Structure formats: C-alpha cells, structure tokens
Amino acid sequence: MARPSASHPLIHCRSWGLGHSHAKLANFNFSSLLTFALTAFLILATTRFFTQDHSNRVATVGVPLKCHSHNDYWRRRPLYDALEAGCIGVEADIWRRNNDLYVAHNAPNTARTPTLSSLYVQPLVHLLERRNLLRTTSPPHGVFPRFPNQTLVFMIDFKEPDREAFAMLHAQLQPLRERGWLTFYANNSVTYRPVTVVLTGDAILDWVLSNTTYRDVFLDAPALALHADTDRQYNWTNSFYSSAKFGHALGMFSGYFGAPHGVDEYVEMAHERGLHMRFWSQPAWPVAMRNRLWGDLVDAGVDFLNVDDLAGVNRWLAERNDIGRGSVVAEEIPVFLD
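In full-length UniProt numbering, the protein residues as written are 1 to 338.
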C-alpha cells in the first residue's frame, strides 16, 4: 500500500493539529468558555432582576414603606405586588394610541398591550370600593387595610409630549375623581386622598397649572432644574416629587465605592419646596453595594427609594432598626386628613 504524501488531507490535518494548534485551541476554548459563562450569568441575573415572584417572600405584607415600584407594569401582578411589598408608589408608562392610553415601556403593539384603565384605574376602583364598602363618613380609606390613612402615589410617565394624552388621562381618572379618591389642591392647600397622581416623563408644568383653582394631578419636578428655579416655580402646590437620574445628578460611578456626595443638597432643595426627593436608576448590583447605597440615601433624607426588587427592599426596610416599620409609614409620608 502506498504511503500517503504530506499533501494528503489526513496527513495535513494531523500535522496542523500536532504542530501549532494546541495553545491556540486551548486559548480559544478558554475564551469561549469565559464568554459563555458571562453571557449565562447576565441572562440569569437579568431574568431574576426583571421577572421576580414576590409572593411569600416579603418580610411584611401591606405595611407601607418608603419605596416606589419602578416600571410596575412589568410585575407578575401589576399594582398588587407593590402593595403586598408595602411600596407606596407605583409607576406606569403611557402612550396615546387608537383613542386610548396604553401602558408600555416602548411604543406599544396595541393589540396585545394593556390600557391604563384596565391595568390600574379599574383595579384601584375595585380595591377602594371594597375598602370603603361599609364606610359612610369621610375621609375615605386607602389601599392599605391596616393603614387606611396612607395615600398611594400613582406616577404616570408620559412617553411623548402629548397634550391630548393629558386630556385623555384627565377623563380616565374620573372614576377615582367622582368618588373623592384623588388628592387635590384647592384654596391654597393640598388635601390628601387614597390616590395621589403624579405626572413625569414628557409631562410639563403648564399642564398641571392649566387649572389655577383646583387640580388633582401633580408634577414630578426635575431636581436638576431646581438650582435655577430661584422663584420656586416648582413647589408643593403643583408638584409632589423632585426626581433626578442618579448618575446625572451625582456622577456616573457615584455610590459604588462609598456614600455618594451631593445628596444632601438635592434633598434640601426639594424639602424647601415641600417636595419629596427621589433618585432613579441608581446602581442595583452587587446587592450588598445596593443595600449600602439605600442606607446612604435614606440617611441623607431621600424620601422614596426607586426600586426593581420589591422583596429585597421590603426586607431591607423592615429590618432597619433606626427606621423600620414605624417611621417609614404614614407618620412621615403625606396622609389624607379630615
């Protein structure tokens, strides 16, 4: 049998494999394995981050806590998961399409997208009707059974600068308004009721100020604009929150290696105007760093923690000895009164 020449495909492959490829192959396998591991980790972390099941995992159930449920409509049970965890703020992003308001982070496919009414307004009506079924005197009870004087902050994020969407929202809030369940401003005072509606995103102050004698929607004031707001155009009569993106206000890497600097100044500007300070998009991982940062923010006077992990913030707030379950509820958060 003739011996194969060096140019034979089999001989060529063996020579290539034995001569020079072991190191390259090892490097290739290691880098591929590392890439796979990192990708798998990110997928698992992201999945856990955005699709959490909070049932039976919270330390307290229905105890009002100073947290705001970011992108609440992504929850397994929008509104109800946040209330179970005790968050007194929920958030819905809205778009006007086909003569209705749809809740979605990005421009919606209306055939499969829930409406603001179906996802929030009607559930709130049904919930508050049960809370007030046998009640004949004012003020009405709110969404937390054991803390009936606690208001729920319902933040609505306008994804487009759409004045017609604002008019449509005003109409869709009528079931809450006609029952006396919306916090309102009149006669130079704010009367808190079970639901406090706050507008953010592309909403503007002029919308809120369009009625000078009565209003039952308030603004999420831009914290970064308060430096130049020397005449205090944003104040408690027209706004509820003062909010800023964490990195824009305090620096991209702020909070990772110690307490962020400058929080006190934002808190002071907000509180001078009767507003409630909130940062959003603060670092959320690693968890130990996130929890330490939550402590830094609360200690500096930040009023609401903007969160994705409801169970995590519930346990953390409930376990803090210095604020715990008592002072984070109605005593420090606006309530509706007789």
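Built from N, CA and C at the ideal position, the CB exists for glycine as well.
Fair warning: this is a prediction, and the values are worked out from it, not measured in the lab.
* **Minimum C-alpha distance to ASP309 - residue among ARG75, LEU38, MET277** => ARG75
* Could you have a look at ASN109 and say whether DSSP puts it in helix, strand or coil? => ASN109 sits in coil when the DSSP states are folded into three classes, being neither helix nor strand.
* Using beta-carbon positions only, say whether HIS68 and ASN238 come within less than 7 angstroms of one another. => no
* To do: Would you list the one or two residues that DSSP bridges to ASN306?
  => HIS68
* Inspect the beta-carbon positions of GLN275 and SER242 and report whether they are closer than 7 angstroms. => With the sequence shown as reference, residue 275 is identified as Leu, and Gln is not the correct amino acid for it. Yes, the pair counts as a contact, with Cβ atoms nearer than the cut-off.
* To do: With DSSP as the reference, label ALA221 as helix, strand or coil.
  => Looking at ALA221 - three-state DSSP - the assignment turns out to be strand.
* To do: Name, in chain order, the residues that DSSP records as bridge partners for LEU101.
  => Paired residues: ARG96.
* Asked: In its own chain, which residues sit with a C-beta less than 8 angstroms from the C-beta of ASP264, not counting the 5 before and 5 after it?
  -> ALA300, GLY301
* Asked: In terms of residue numbering, what span does the alpha helix (DSSP H) encompassing PHE246 cover?
  -> Looking at the DSSP string, the run of the alpha helix (DSSP H) that includes PHE246 is 246-250.
* Rounded to the nearest angstrom, how far is the Cβ of LEU83 from that of PRO123, given a contact under 8 angstroms? -> So it is not a contact: roughly 10 angstroms between Cβ atoms.
* Would you mind sorting ARG193 into buried or exposed? The rule is 16 or more other CB atoms within 10 Å of its CB. => Residue environment: ARG193 is assigned as buried (16 or more neighbouring CB atoms within 10 Å of its CB, all protein chains considered).
* Do LEU169 and ASP216 come within 7 angstroms of each other at the CB atom, strictly closer than that value? -> no
* Asked: Do three or more CB pairs link the region 129-140 to the region 223-239 at distances below 8 angstroms?
  -> no
* Which residues in the same chain have their Cβ closer than 6 angstroms to the Cβ of ARG131, if we skip the five residues on either side of it in sequence? -> Correct list, in chain order: HIS141.
* Asked: Does DSSP put residue 420 in a helix, a strand or coil?
  -> Because the chain spans 1 through 338 in this model, residue 420 falls outside it and cannot be assessed.
* Does the beta-carbon of ASP231 have 16 or more other beta-carbons within 10 angstroms, so that it is buried, or is it exposed? -> exposed
* Where PHE253 falls, given that 16 or more other Cβ within 10 Å makes a residue buried -> exposed
* To do: For GLU319, count neighbouring Cβ atoms within 10 angstroms of its own Cβ and tell me buried if that reaches 16, exposed if not.
  => exposed
* Specify the secondary structure class of ALA318 as computed by DSSP and reduced to three states. => helix
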